[in-house]
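Everything on this sheet refers to the single structure shown next.
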Amino acid sequence: DIQMTQSPSTLSASVGDRVTITCRASQSVSRFLAWYQQKPGKAPKLLIYKGSTLESGVSSRFSGSASGTEFTLTISSLQPDDFATYYCQQYNSYPRTFGQGTKVEV
Amino acid sequence: QVQLLESGPGLVRPSETLSLACTVSAGSISGYYWSWIRQTPGKGLEWIGSIYHNGNTNYNPSLKGRATISLDKSKNEFSLKVISVTSADTAVYFCAREIEWLAPFDSWGQGTLVTVSA
Chain A
1 DIQMTQSPST LSASVGDRVT ITCRASQSVS RFLAWYQQKP GKAPKLLIYK
51 GSTLESGVSS RFSGSASGTE FTLTISSLQP DDFATYYCQQ YNSYPRTFGQ
101 GTKVEV
Chain B
1001 QVQLLESGPG LVRPSETLSL ACTVSAGSIS GYYWSWIRQT PGKGLEWIGS
1051 IYHNGNTNYN PSLKGRATIS LDKSKNEFSL KVISVTSADT AVYFCAREIE
1101 WLAPFDSWGQ GTLVTVSA
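Protein sequence lines, in the order shown, are assigned to chains A and B.
Position 34, counted from 1, in the first sequence is what my numbering calls 34; the numbers after and before it change by one each time, with no gaps.
For my numbering, count along the second sequence from 1 and bump the result up by 1000.
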């Protein structure tokens, strides 16, 4: 299985901050990496796919980048609605695997 | 916009079978991949398996062959069965869609909590 390791596990930030979350794959996943946002009691919501492609309807303050097996999610200016948990997920091979999550809190 | 809704018992006895269904509305089940994913505080998000509209399946080896996914095109729904459940199978179960083989999960159900307890 491909292991996905996110850092940090928890991130304390304020409204307006630039936030960066990293996800590292244990082996190549090509560009088949997605980012999701999850709020308590809700299903994950797709933000970015193919490492850097913004899902339709998602704010442009979210962006993704990739370098080898390391992927980054950036929120350019944190908004109150962005306090949530973020997950990366590889879909290059089976079994599909997720990172352990990064909680963005005040 | 396609909508997914999970249904099934919220409580299952240890050693029995967990059965859930996911009804797909505002869209066809044909042409896509359909998955079950579960979430626990301890293990996070775990992909259980998926089924293509032609019936081909893939499963996570972590469930050791206990999971079976099937679909019913006439009802526009797909189902999950997990046999011989233990407390480790207690989780929120989500159904989700992939639009093609190499695609993220773009649509999700709201999730349903299944507790395994006597």
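All C-beta atoms, glycine included, are put in the ideal place defined by N, C-alpha and C.
Review point. Does G1109(B) get closer than 9 Å to chain A when you measure Cβ to Cβ?
Key: Along the second sequence, read from residue 1 onward, the residue named residue 1109(B) stands at position 109. True, the Cβ-Cβ gap to chain A drops below 9 Å.
Practice item. Would you decide whether Q37(A) is buried or exposed? Buried here means 16 or more other CB atoms lie within 10 Å of its CB. Key: Here residue 37(A) refers to the residue found at position 37 of the first sequence. Classification of Q37(A): buried, given that the 10 Å Cβ count is 16 or more.
Practice item. Assign S1050(B) to buried or exposed, taking buried as 16 or more other Cβ atoms, counted over all protein chains shown, within 10 Å of its Cβ. Key: For this step, residue 1050(B) is matched to residue 50 along the second sequence. It counts as buried.
**Study point:** DSSP-derived helix/strand/coil call for A1088(B)
**Key:** Stepping through the second sequence from its first residue, residue 1088(B) is reached at position 88. Of the three classes helix, strand and coil, the one that applies to A1088(B) here is helix, per DSSP.
Review point. When DSSP builds the beta bridges, which residues end up paired with G1049(B)?
Key: Translated into positions along the second sequence, residue 1049(B) becomes position 49. Under DSSP, G1049(B) takes part in a beta bridge, and its partners are W1036(B), Y1059(B).
Exercise for review: Can you grab the Cα-Cα spacing for the pair Q1001(B) / V1012(B), in whole Å?
Suggested key: Counting from 1 along the second sequence, the entry for residue 1001(B) is found at position 1. Counting from 1 along the second sequence, the entry for residue 1012(B) is found at position 12. Cα-Cα distance, rounded: 32 Å.
Review point. Tell me which same chain residues have a C-beta within less than 6 Å of the C-beta of N92(A), skipping the five on either side of it?
Key: Sequence index remark: in the first sequence, residue 92(A) carries index 92 (1-based). V29, S30, F32, listed in sequence order.
Review point. Could you give the distance in angstroms between the alpha-carbon of C1022(B) and the alpha-carbon of K50(A)?
Key: Start at 1 with the first residue of the second sequence, and residue 1022(B) comes out as number 22. Start at 1 with the first residue of the first sequence, and residue 50(A) comes out as number 50. Here the alpha carbons of K50(A) and C1022(B) stand approximately 27 Å from one another.
Exercise for review: List the residues of chain A whose Cβ lies closer than 9 Å to the Cβ of S1047(B), in chain order.
Suggested key: Counting from one through the second sequence, the residue named residue 1047(B) turns up at place 47. First, the amino acid is wrong: residue 1047(B) is Trp here, not Ser. Against chain A, the beta carbon of W1047(B) has neighbours under 9 Å at Q89, Y94, P95, R96, T97, F98, listed in chain order.
**Study point:** Inter-residue Cα distance where the pair is N1054(B) and K1064(B)
**Key:** What you label residue 1054(B) is simply residue 54 of the second sequence in a count that begins at 1. What you label residue 1064(B) is simply residue 64 of the second sequence in a count that begins at 1. Going by the C-alpha atoms only, they are around 24 Å apart.
Check your understanding: For the putative contact between N1058(B) and Y86(A), defined by C-beta atoms under 8 Å, what is the C-beta separation to the nearest angstrom?
Key -> By one-based count along the second sequence, residue 1058(B) stands at place 58. By one-based count along the first sequence, residue 86(A) stands at place 86. In fact, because the Cβ distance is near 26 Å, the residues do not count as touching under 8 Å.
Practice item. Could you work out which residue in N1060(B), S1019(B), Q1039(B) is closest to L1071(B) when comparing CA atoms only? Key: Along the second sequence, one-based indexing puts residue 1071(B) at 71. Checking every option, the nearest Cα to that of L1071(B) belongs to S1019(B).
Point to revise | Own chain partners of E105(A) with C-beta closer than 8 Å, once the 5 adjacent residues on each side are dropped | key: Translated into the one-based positions of the first sequence, residue 105(A) becomes position 105. Result list for E105(A): T10, L11, S12, A13, F83, in chain order.
Practice item. For T22(A), I'd like the list of residues in its chain whose CB is within less than 6 Å of its CB, leaving aside the five on either flank, ordered along the chain. Key: Position 22 of the first sequence, counted from the start, is the residue given in the question as residue 22(A). Here the set comprises S7, T72.
Point to revise | W1108(B) - containing beta strand (DSSP E), residue span | key: Numbered from its first residue, the second sequence carries residue 1108(B) at position 108. For W1108(B), the enclosing beta strand (DSSP E) stretches over residues 1105-1108.
Exercise for review: Closer than 8 Å by C-beta to R18(A): which residues in its own chain qualify, once you throw out the five before and the five after it? Chain order, please.
Suggested key: Counted from its first residue, the first sequence places residue 18(A) at position 18. Within the same chain, R18(A) has close Cβ partners T74, I75, S76, S77, L78.
Practice item. Under the assumption that G64(A) contacts M4(A) (Cβ atoms under 8 Å), give the Cβ distance between them as a whole number of angstroms. Key: Residue 64(A) sits at position 64 when you count from the first residue of the first sequence. Residue 4(A) sits at position 4 when you count from the first residue of the first sequence. Contact between G64(A) and M4(A) fails: their C-beta atoms lie close to 14 Å from each other, not under 8 Å.
Practice item. Please classify N1060(B): is it buried, with 16 or more other beta-carbons within 10 angstroms of its beta-carbon, or exposed? Key: The residue labelled residue 1060(B) in the question sits at position 60 within the second sequence. Buried, by the Cβ-count rule.
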